[in-house]
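What follows is a short report on a single structure.
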Amino acid sequence: MSTEQESYDEINALVGSLAKAFDLEGTVAARAVETGAMVLKLGVDAAGDRHVEACFQGKVAVVYPGAAKPEMTATTRHQL
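So for the sequence shown, numbering that gives the first Met the number 0 puts the first residue at 0; every next one is plus one.
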């Protein structure tokens, strides 16, 4: 698999995880990222694990790469 294809697959997995975390259709989540309505920020938690934090409509989703599986998992919390 090419590096370009791997990057595409990772972005696709991230957008899918964001859609699930915010209870959106995938195309709606992708459009929100494209337009800047959903703001993404790279981060590292206290345990040193890297993640992507997404802010959308007053909510925050933190997406961690899956450890044993290629898909990503997300947790959502309300922004204070």
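Yeah, the Cβ is synthetic: ideal placement off N, Cα and C, and Gly gets one too. These numbers come from a predicted model, not from an experiment.
Is the beta carbon of V43 less than 8 Å from the beta carbon of E52? It is not a contact, given that the beta carbons lie outside the stated cut-off.
Under the DSSP definition of a beta bridge, which residues are partnered with R49? V43
Just the C-alpha distance for Q56 and M37, rounded to the nearest angstrom, thanks. 8 Å
Mind checking whether V32 and V14 have CB atoms under 8 Å apart? yes
Taking the C-alpha atoms as reference points, what is the distance between G25 and S1? 24 Å
Does any heavy atom of the ligand FAD sit closer than 7 Å to the C-beta of V62? Ligands displayed in this structure: none; no statement on the ligand FAD is therefore possible.
If you follow the alpha helix (DSSP H) that S16 is in, where does it begin and where does it stop? 2-20
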